[in-house]
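Working notes, structure below.
Now the structure itself:
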């Protein structure tokens, strides 16, 4: 966290100074604005939080509800989302209040007495060290609260405008071509004109309908009874995540934050085509009764039901993620694009990555740093991610719904669960080569940072204060690219490959940086030396690129010089980085954009020439 | 963090439901109240935060300033304070914004050119693993903000009453015997009557004066020029804590939070007796000039001075910590009791322990759970702690002020620094046997938890969710005693020593717990099994004492059953706990109250009979 360089900060440094549209934010919705976000769910709120870091962009987020979300809905936080929360500054805080999944229990019918269940395998949750962050359970309402705080503390000071219903939109002309028709909480019509609209309005999205897109997929729905309960029970795994298959049906059992609450998903099976919503009338008492049959021989005496619902859902994917894929103005995210079961705990997580992806790109285009074509990469990147999600969820939910006696091998469910961990954690997304994702031609220089996948953090030592830090955790969601320069083996301070690269790269990066801005306004550039003893060199040995001058007093930034830790903790070893050095570019959304050689500084310019505008010669 | 057992909590679970005096808190100061805290510095604010957990106690905290502290003052947070912050729920958050000290650099005159300094030793900060928490630098204003948030979120909803000046007090009669004379921000006199007053009003304490106590000690003062600066510099250790001794004088150099700011203490020497405050007029320019001479050959080009001061201080200790040590009504804390140099970074830390110590005791006496004699232990415990602090600081500041050429061995300073680490971290405080600190007669049963010292946490595994947690971090500053029952080697679930102890202890603890309160309202009792594989037993194997029923639905609390980790991480090995078992009682302020054998449940009753009231037969 950096502060004090633009004047002394006495209060919470997480509250950034207001700027641009954050300075005199009106209560009323303006008639014209840059970005209209429709819906304050996970995709919408992360988009608002991200766009709050772009105060020159006039962003508004509307929500039909008159107030914040209070109850229910999603609760699974995969480790990829935790990494994202880290960039938004609240991973530790939310981890402290969430339930941390460490292992899972599988329960199956007792072979000797099939009306009882017995415990089977208990695989641990992150067997392969996919992330340094835990897999968490916490109510969606709290996730939204944290993003709301980010949006409110960002320089653009964005807060949801509650009580506004989106009706429809049509395409006009001029600078603000999208005409959005809204209604206030008294049903009075209103309209705003926007440059761009992000539809985050859920499975029944009106934004989707208004641009003529539709969901395609399953004919039939699957129904679930879900309840958040406080109970007295002798079920021994009450505070462990469980998949329970009994003769009486199956349950996904998710302990919740706070030590007492538990979420129980009771499988109600495939809905008949002529059901017409009757399944949704299943009374709570019936769900509790059904649950008790499944938990037998254990009892679950429900004392309080905080929330419950019966819902039906199919596997469906939208035909396109935007109105016009080659000149997009209206984007769809989250449940507006993809629906599926809740079983794998993916929905909220994938939705947030949708919102994160489109938001920084809109920020870059609207503040003038990137060309409009950047926006086409949204559909290119997120549609395949959604396709993979639906394929995975289909497989997983089918497996989970199959009665154990019909499985060839009862252990197949556990084995699939373990094998699928990396996907389930959100780490299998890999973007194809495009405007901002480079080729894999130099991948061998940094094999552990696959181009197109999220940057997997590792610990290094910061020279200036000898702190051991996760390199990836220095990446805040501030819209900047990161450039990690892994040095060659020369002694720090010597002229050579690194100093040549740094001198030339400094000139190149300046071409993309506006006159008058801090040197590192758009690029956060850090060097990581191979030398493992930080006493053997000084911060001042590093090239000037790594000590940019910041703030109104133009003082040096000391925090960009790092070195590897010794032994097995060495980032060069752990991530397979060449001892000749390598340059790893990470996009604002934490995905690896490129791996480049240290002897080719011009390649940096070639990479950025696609995704950014050159503003100076 | 436990919640949802008294109804669903949708918003931040750290905000507790208001109760008692927190329900209808008046804006005006009431004429009669239980506890009046004078001063909102570190001692006062921690006391307010602690008493906010006692909503049946009417507490007010007054502050002369019209608003929160904005700048300056203390900034060193020893790891003992971090442990305390953890109990108040903000250790992680404050660590994220603070500067973490990992090592220290000593600079001395270059033997070849004595007008220049050269770097000497660089000892690491916590060489001996004194605590799992870091040694932090963060502005006092932020520490106070965090405690203010705790006080405001606690059930008693305490907020400082700003703009009130304490004038004096006198002792009257009746239920509210202390008459405090105050003035509001317009100078209008007012008075309130209190049961107890805590004087947290600094070195010039009027509370101290009003009870006839005075500081005793040094005749002469030592002067310091101190400034918080943002600078351009080539001093290589700009972001490392340094003790600099040069021919031109000495500096204590403390990097500050945020990456750019640095605090510089310039030693201005012993103040002549006839100085009459002239030293305090030393101009800022002179201090900056002096600093540059000391940093030579490096330059420090100061761009912004956020705060500066010249202050003089001597080593002084109050003659007593309360008005009447045998029937105390007025207590002194922090700088009102002890003054010394800032060199060892002790002041704020020791003051907070003062405030913590008296606050929970007042809470216990005023809510009826403890006898009034408990309050006598405040002076018994904190006076020796202050004495030790002053002795340590005298030695350290003398050593730091000695020109290197006068030292027998120039490495003596570094060696002293390393040897004194445990004291400097705040961990050497050990309370003598008294009402709430037992004898050391059973110490051998748990050698690593010395009676009278703070409970040194260790990691264990919680059975119900397989989470690896620091046992000590489950101890929130909620006023409850902790009882850690380290089991004997019997298989969990077997009848024997543990089950006998638990059955009898449950009856004994009930004698001290009010009718109708949760079973664990006053005692948080946890079992730690020796078995290192949590799959070998169930939560339900533990005696009923460890599954108390909580909240309005009286549902079981699953989170009190733990087991040791394997190998070197085994708490039994790491803390020298007998394989026959041991009971460790920890006071509400995290100090070990007693170590007792597992075959003597009656000893638990004997321990609590002194510090608590028996309310049921």
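Protein chains in written order, with this note's numbering: chain A, 730 to 1346; chain B, 730 to 1346.
We treat Cβ as the ideally placed atom computed from N, Cα and C, and that holds for glycine.
C-alpha gap between residue i and residue j, whole angstroms
i	j	result
residue 797 of chain B	residue 1326 of chain A	53 Å
residue 1190 of chain B	residue 987 of chain A	18 Å
residue 674 of chain A	residue 1069 of chain A	One cannot answer for residue 674 of chain A here, as it falls past the ends of chain A, which runs 730 to 1346.
residue 993 of chain B	residue 956 of chain B	5 Å
residue 778 of chain A	residue 812 of chain A	15 Å
residue 1304 of chain A	residue 1212 of chain B	45 Å
residue 875 of chain B	residue 815 of chain B	11 Å
residue 1346 of chain A	residue 1246 of chain A	16 Å
residue 1295 of chain B	residue 1263 of chain B	11 Å
residue 922 of chain A	residue 762 of chain A	6 Å
residue 744 of chain B	residue 884 of chain A	26 Å
residue 943 of chain B	residue 829 of chain A	53 Å
residue 949 of chain A	residue 898 of chain A	30 Å
residue 1258 of chain A	residue 1321 of chain A	20 Å
residue 805 of chain B	residue 971 of chain B	14 Å
residue 931 of chain A	residue 791 of chain B	50 Å
residue 793 of chain A	residue 959 of chain A	30 Å
residue 1237 of chain B	residue 1225 of chain B	18 Å
residue 760 of chain A	residue 910 of chain A	11 Å
Check whether residue i and residue j have beta carbons under 8 Å apart
i	j	result
residue 768 of chain A	residue 1205 of chain A	no
residue 1162 of chain B	residue 1168 of chain B	yes
residue 935 of chain B	residue 895 of chain B	yes
residue 1084 of chain B	residue 1062 of chain B	yes
residue 1032 of chain A	residue 966 of chain A	no
residue 1340 of chain B	residue 1051 of chain B	no
residue 862 of chain B	residue 1142 of chain B	no
residue 864 of chain B	residue 821 of chain B	no
residue 1300 of chain A	residue 1214 of chain A	no
residue 732 of chain B	residue 742 of chain B	yes
One or two residues paired with residue i in a DSSP bridge
i	result
residue 918 of chain A	A/912
residue 1005 of chain B	DSSP output for residue 1005 of chain B lists no bridge partner at all.
residue 1190 of chain A	A/1197 and A/1292
residue 859 of chain B	Per DSSP, none; premise fails for residue 859 of chain B.
residue 846 of chain B	B/838
Positions along the segment 746 to 771 of chain B whose CB lies within less than 7 Å of some CB in chain A | none
Members of the segment 799 to 819 of chain B near chain A, C-beta cut-off 7 Å = Taking 7 Å as the Cβ-Cβ cut-off against chain A, the residues of the segment 799 to 819 of chain B that qualify are 799 and 800.
For the segment 1011 to 1038 of chain A, which residues have a CB atom closer than 7 Å to at least one CB atom of chain B, in sequence order?
-> Cβ contacts with chain B come from 1032, 1033 and 1035.
Please list the residues of the segment 968 to 994 of chain B that have a C-beta atom closer than 8 Å to any C-beta atom in chain A, keeping them in chain order.
-> 968, 969, 984, 985, 986, 987, 988, 989 and 990
Chain A contacts made by the segment 1186 to 1213 of chain B, where a contact means CB separation under 7 Å = 1193, 1194, 1195 and 1196
Taking a Cβ distance cut-off of 9 Å, strictly less, list which residues of the segment 829 to 851 of chain B are near chain A, in chain order.
-> Taking 9 Å as the Cβ-Cβ cut-off against chain A, the residues of the segment 829 to 851 of chain B that qualify are 829, 830, 831, 832 and 851.
Would you list, in sequence order, the uninterrupted alpha helix (DSSP H) runs of no fewer than 4 residues that lie entirely inside the segment 1210 to 1246 of chain B?
-> DSSP runs (the alpha helix (DSSP H)) wholly in the segment 1210 to 1246 of chain B: 1226 to 1240.
If contact means a Cβ-Cβ distance below 8 Å, which residues of the segment 1280 to 1297 of chain B contact chain A?
-> 1280, 1282, 1283, 1284, 1285, 1286, 1287 and 1288
Determine which residues of the segment 935 to 964 of chain B have a Cβ less than 7 Å from any Cβ of chain A, and write them out in chain order.
-> 959, 960, 961 and 963
Scan the segment 869 to 903 of chain A for residues whose Cβ lies nearer than 9 Å to a Cβ of chain E and list them as they occur along the chain.
-> No chain E appears in the structure shown, which is made up of the protein chains A and B.
Ignoring anything shorter than 3 residues or poking outside the segment 998 to 1055 of chain B, list the beta strand (DSSP E) runs there in chain order.
-> Unbroken beta strand (DSSP E) runs of no fewer than 3 residues, entirely contained in the segment 998 to 1055 of chain B, are found at 1029 to 1042 and 1045 to 1047, following chain order.
Every unbroken beta strand (DSSP E) inside the segment 762 to 797 of chain A [3 residues or more] = With a minimum length of 3 residues, the continuous beta strand (DSSP E) runs that stay inside the segment 762 to 797 of chain A are 788 to 792.
Which of the residues in the segment 733 to 747 of chain B, read from start to end, lie with their CB under 9 Å from any CB of chain A?
-> 733, 734, 736, 737, 738, 739, 740, 741, 742 and 743
Any residues in the segment 1150 to 1167 of chain B with a beta carbon nearer than 7 Å to a beta carbon of chain A? Which ones, in chain order?
-> Of all residues in the segment 1150 to 1167 of chain B, none has a Cβ within less than 7 Å of some Cβ in chain A.
Closer than 8 Å, Cβ to any Cβ of chain B: which residues of the segment 1255 to 1268 of chain A, in chain order?
-> 1264, 1267 and 1268
With a floor of 4 residues, list each alpha helix (DSSP H) that falls wholly inside the segment 1272 to 1334 of chain A, ordered by position along the chain.
-> Secondary structure within the segment 1272 to 1334 of chain A: the alpha helix (DSSP H) runs of 4 or more consecutive residues, fully enclosed, are 1300 to 1303 (chain order).
Members of the segment 1125 to 1147 of chain A near chain B, C-beta cut-off 9 Å = none
Mind pulling the alpha helix (DSSP H) runs of 4 or more residues that sit fully within the segment 1139 to 1185 of chain B?
-> 1141 to 1148 and 1150 to 1153
Near-chain B residues of the segment 1237 to 1251 of chain A (beta-carbon distance less than 8 Å), N- to C-terminal order | none
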